[in-house]
Amino acid sequence: MDQNPALPPERPLPLLADDHVFQPAVKRILSDADIQTWLDTEAFSRIMIFIENLNRSVVDKKISDPCHVSENITALLGMLDQIDSWTDDIPPLQNPQRFGNKAFRTWIARLEERADALQRAIFPPSRQAAIAELIPYLVGGFGNATRIDYGSGHELSFAAWLCALELLGVVEARDRQALVLRVFVK
481 MDQNPALPPE RPLPLLADDH VFQPAVKRIL SDADIQTWLD TEAFSRIMIF IENLNRSVVD
541 KKISDPCHVS ENITALLGML DQIDSWTDDI PPLQNPQRFG NKAFRTWIAR LEERADALQR
601 AIFPPSRQAA IAELIPYLVG GFGNATRIDY GSGHELSFAA WLCALELLGV VEARDRQALV
661 LRVFVK
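When you line the sequence shown up against the numbering used here, it's residues 481 to 666, in that order.
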């Protein structure tokens, strides 16, 4: 990859070890003090490196530019197409609603129900142990069913899920342009 002299050099994002022990995700950022603690964690560092590397991969690129689309990116895009198709099965409710459409709760419930199988279809057998830990990040990347909202925290959840895909080797460094130019825009 060409290095832009205005950017710092790419930082490697090492794969997780094969013997890494996966644990159920637990919400740990509940206060401003927790944010400060998180800023000093390896998880924060990994996400920042991942986002910086994604940014670097698309400097001077347009969304319409061609890019390498691997089999794993194709599978990921297929998964997103499947998730998107549920809007045909779960139409918006027509009655007046003050904040968002309550059909979104049904849609998110379907995502929660199917998130395990969706990930199994794109994860190699050697990395399937990570799926349960990653479900909250995938589901959280699409919004909050209780508040019927979507914001920057949900975007970060999806970015963290994609970062985990790279840490697990589901996607690789050569997939970064496609993650930005194809997956994010989906």
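Cβ atoms here follow ideal geometry from the backbone N, Cα and C, with glycine treated the same way.
Beta-carbon spacing of residue i, residue j below 8 Å
i	j	result
PHE502	GLU613	yes
GLY649	LEU493	no
ALA555	ALA601	yes
VAL619	ALA595	yes
LYS541	LEU647	no
VAL651	LEU557	no
ARG590	TRP566	yes
ALA653	ILE553	no
SER544	ASP655	no
ARG578	GLU532	no
SER637	ASP498	no
LEU487	VAL538	no
PHE603	ILE615	no
According to DSSP, residues forming a beta bridge with residue i
i	result
ASN624	ASP629
Three-state class that DSSP yields for residue i in the structure shown
i	result
ASN533	helix
GLN599	helix
GLN562	helix
LEU645	helix
GLN657	helix
GLU652	coil
THR554	helix
PHE524	helix
LEU493	coil
ARG607	helix
ARG578	coil
ALA486	coil
SER637	helix
ILE543	coil
6 Å CB neighbourhood of residue i in its chain, flanking five on each side removed
i	result
ALA625	ARG585, ILE588
MET481	Low confidence applies to MET481: its pLDDT is 49, below 50, so where it sits in the model is not reliable, and the reading given next is rough at best. There are no such residues.
LYS666	LEU560
LEU598	MET559
LEU645	VAL651
Contacts around residue i, its chain only, beta-carbon distance under 7 Å, and the 5 residues preceding and following it disregarded
i	result
CYS643	ARG526, ILE527, PHE530
GLY580	ILE628, ASP629
GLY621	HIS634, SER637, PHE638, TRP641
THR517	none
LEU534	ARG656, LEU659, VAL660
Whole-number beta carbon distance between residue j and residue i, since they are thought to touch under 8 Å
i	j	result
TYR617	ALA505	7 Å
Min CB distance residue i to chain D below 8 Å
i	result
ARG536	Among the chains of the structure shown, chain D does not appear; only one protein chain is present.
Cβ neighbours of residue i in the same chain (closer than 8 Å, five flanking residues each side left out)
i	result
ILE570	ALA583, THR586, TRP587, ARG590
ILE509	ILE515, TRP518
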